[in-house]
Amino acid sequence: MEMYIDPHIHLVSRTTDDYEAMRKAGIVATIEPAFWLGQPRTEVGSFKDYFSTLVGWERFRASQFGIVHYCTMGLNSKEANNVPLAEQVMELLPLFAGKEGVVAIGEIGYDDQTEAEDRFYRLQLELAKEVNLPVLIHTPHRDKKKGTTRSMDVAEEHQVDPGWVVVDHNNEETVKEVLDRGFWAAFTIYPHTKMGSERMVEIVKQYGPERIIVNSAADWGISDPLAVPKTAHLMRKMGIPEEHVRLTTYQNALTVFGLSGQMDENDWLKAPSIDQTKKLGGNSVLRGGQVPRVEGPADRVEN
Ligand SMILES: [Zn+2]
10 MEMYIDPHIH
20 LVSRTTDDYE
30 AMRKAGIVAT
40 IEPAFWLGQP
50 RTEVGSFKDY
60 FSTLVGWERF
70 RASQFGIVHY
80 CTMGLNSKEA
90 NNVPLAEQVM
100 ELLPLFAGKE
110 GVVAIGEIGY
120 DDQTEAEDRF
130 YRLQLELAKE
140 VNLPVLIHTP
150 HRDKKKGTTR
160 SMDVAEEHQV
170 DPGWVVVDHN
180 NEETVKEVLD
190 RGFWAAFTIY
200 PHTKMGSERM
210 VEIVKQYGPE
220 RIIVNSAADW
230 GISDPLAVPK
240 TAHLMRKMGI
250 PEEHVRLTTY
260 QNALTVFGLS
270 GQMDENDWLK
280 APSIDQTKKL
290 GGNSVLRGGQ
300 VPRVEGPADR
310 VEN
């Protein structure tokens, strides 16, 4: 039975068809990092409701398709630049960081590498230490190499253990330094870009599977919620050992985010996979007389 974890996917933007396809492809668990929404938020209440969705409705919705949903909490770097709002969001974060299923503080770090981004990144590194959670770092798309190095410098300055930090959105230019410094190196596989599955295979061939993690970062943009299983299939086809596939598309994410004490393999191995008779706050995923699916753990094998 193939099992995958997609440790970076923005499921609030995806459909129930995506959930069905993901489960069918072997994805058993997902992590949804708190991020921006394409449109800047103007009120702290929008953040509060979004954070509540991540630990509430979306977690429930995933469960209705046999996928265990976790999330990370944080103020993203883009919106850190709205300082008065960012200050209010910081006051919300400790409460949400302690909720069930929250496995890290993230995704935090730099976007344009402004002073405000630096300030709120540092505050959130301190928060992660206080609440004893791993950190998920979003590295900038512009000036990536410099931004990645700086993210790690600052994490070290705040004495955050690199073994508790996942540096995301790596490429060939950043991976060596991230691994050499003892951080976890995550890779986002976007369709029709430089960082496709083929290049991921080459990176695993070159660097091996230790501390390397594959994700889709699928959101409302052109992205692929099946990027993790597709990359795993390509790795096998290209002769990468099965154990290396397992580490990079399943176990490494579980190991580092499991440091939170909130993520355990038994969450998906022992729980009933799907029970669509359930409701959350009186709401269900079913529409207009659809028949609920109910499956026990033994029904999970579909591959
Ligand atoms: Zn993201």
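Under this note's numbering, the very last position in the sequence shown is 312; numbers go up by exactly one each time. All residues carry an ideal CB built from backbone N, CA and C; glycine is no exception.
Three-state secondary structure assigned by DSSP to residue i
i    : result
W66  : helix
G297 : coil
W173 : helix
H167 : coil
N292 : strand
N85  : coil
Y199 : coil
I212 : helix
L46  : coil
Y119 : coil
A236 : helix
L142 : coil
E52  : coil
Short Cβ contact (9 Å threshold) for residue i with residue j
i    : j    : result
L145 : H17  : yes
M10  : W277 : no
Y199 : A241 : no
V174 : L101 : no
R70  : V294 : yes
L63  : V92  : no
P306 : A34  : no
V169 : I222 : no
V77  : A106 : no
Y216 : L243 : no
L142 : M99  : no
Chain-order list of residues whose beta-carbon lies under 6 Å from that of residue i (same chain, five-residue window excluded)
i   : result
Y79 : I40, G110, V112 and M272
M31 : P234
Assigned exposure category for residue i - 16 Cβ within 10 Å defines buried
i    : result
I36  : buried
T51  : exposed
V303 : exposed
E116 : buried
L134 : buried
E88  : buried
T202 : exposed
R151 : exposed
P218 : buried
G156 : buried
T258 : buried
N261 : buried
Other residues of its chain near residue i: CB distance less than 7 Å, five sequence neighbours each side excluded
i    : result
N90  : T123, A125 and E126
S160 : G118, Y119, I146, T148 and V176
G205 : I198
E311 : Low local confidence applies: a pLDDT of 49 at E311 is under 50, so the model's placement there is unreliable, with the coordinate-based value given in what follows. So the qualifying residues of the chain are K33.
R23  : A227 and P234
Cutoff 8 Å; reference residue i; Cβ partners in own chain excluding five residues on either side
i    : result
L251 : The question names Leu, but residue 251 is Glu in the sequence shown. Counting only Cβ-Cβ distances below 8 Å, and skipping sequence neighbours, we find R245.
K214 : M247 and I249
A280 : V77 and P306
Identity of the residues DSSP links to residue i by a beta bridge
i    : result
N224 : T197
I40  : Y79
Y13  : I36
A324 : This structure cannot settle anything about residue 324, because the visible part of the chain is limited to 10 through 312.
H147 : G118 and D177
A113 : T81
V303 : D284
Interface flag, residue i vs chain D, CB-CB below 9 Å
i   : result
D15 : Checking the listed chains, one finds no chain D in this structure; it contains a single protein chain.
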